[in-house]
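Beneath this line is the structure, given in structure tokens, with notes to follow.
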Amino acid sequence: MRDDDTTGTGRAEATLGRIETEVALLMRLGEATRRATGTAEHRVLDRAAYVILRHLDSAGPQNVSALAAKLNLDGSTVTRQVSAMQRDGLIVRTPDPADGRGTVISPTPAGLQRMAAVRGARTRLYGDLLAGWTGDDRDTLADLLHRLNEALDARNRRR
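Here this note's numbering is used: the first residue of the sequence shown is 832, the next is one more, and so on.
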């Protein structure tokens, strides 16, 4: 099959190559945008704390093991992140009602306030970036990103 073939395997490989490139650029540009954004709201939480707080806000209190499993992280990594967040007053640990030997992590009002500030700043940023897009295009992007994240999560869980 020739390299310029736009049917069959050649086209599928070309499309996958474009997807790989666009995802790599998305990650790089997303990080560059986060660093370059001048508003303090983007910087009140590091990425790990933001993701943990978002999960705790939607799923409720969790023990470290459940949190690590949901976020596809090693338990020691989550323990380290949670300890830093506790020192910063973003989360509290309370006895686990299901297992008195363990603890569950819950967000504090200050943690939820910071998370909401970051989320609001990010929402405004994406609103500005996508201002010229139709509502249908935004919905399609959200749906496709969700499907991609689900596929990545499922692949990581099979490992």
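Ideal Cβ positions, reconstructed from N, Cα and C, are used throughout, including at glycine.
{"Query": "Given V913 as reference, the closest of A863, V854, R986, R878 once Cα atoms are compared", "Result": "R878"}
{"Query": "A985 (DSSP reduced to helix, strand or coil)", "Result": "helix"}
{"Query": "N-terminal and C-terminal residue of the alpha helix (DSSP H) that V854 is part of", "Result": "839–867"}
{"Query": "Neighbourhood of T925 by C-beta distance below 7 Å, restricted to the same chain and skipping five residues each side", "Result": "T934, V935, S937"}
{"Query": "Within 8 Å, strictly: CB atoms of L876 and R932", "Result": "no"}
{"Query": "Environment of M858 [buried if 16+ CB atoms lie within 10 Å]", "Result": "exposed"}
{"Query": "Length of the line joining the Cα atoms of A890 and R866", "Result": "29 Å"}
{"Query": "Nearest residue (CA-CA) to V909, options L856, A947, E844, A899", "Result": "A899"}
{"Query": "Nearest neighbour of R988, chosen from G920, K901, L979 [CA to CA]", "Result": "K901"}
{"Query": "Residues sharing a beta bridge with D927, DSSP", "Result": "D930"}
{"Query": "V935 - partner residues in DSSP beta bridges", "Result": "T925"}
{"Query": "Exposure label - Y881; buried when at least 16 CB within 10 Å", "Result": "buried"}
{"Query": "Alpha-carbon to alpha-carbon, I850 and D888", "Result": "32 Å"}
{"Query": "Euclidean distance between Cα positions of A929 and P892", "Result": "12 Å"}
{"Query": "Alpha-carbon spacing of L856 relative to A845, whole angstroms", "Result": "17 Å"}
{"Query": "Residue burial classification, V854 (beta-carbon count within 10 angstroms, cutoff 16)", "Result": "exposed"}
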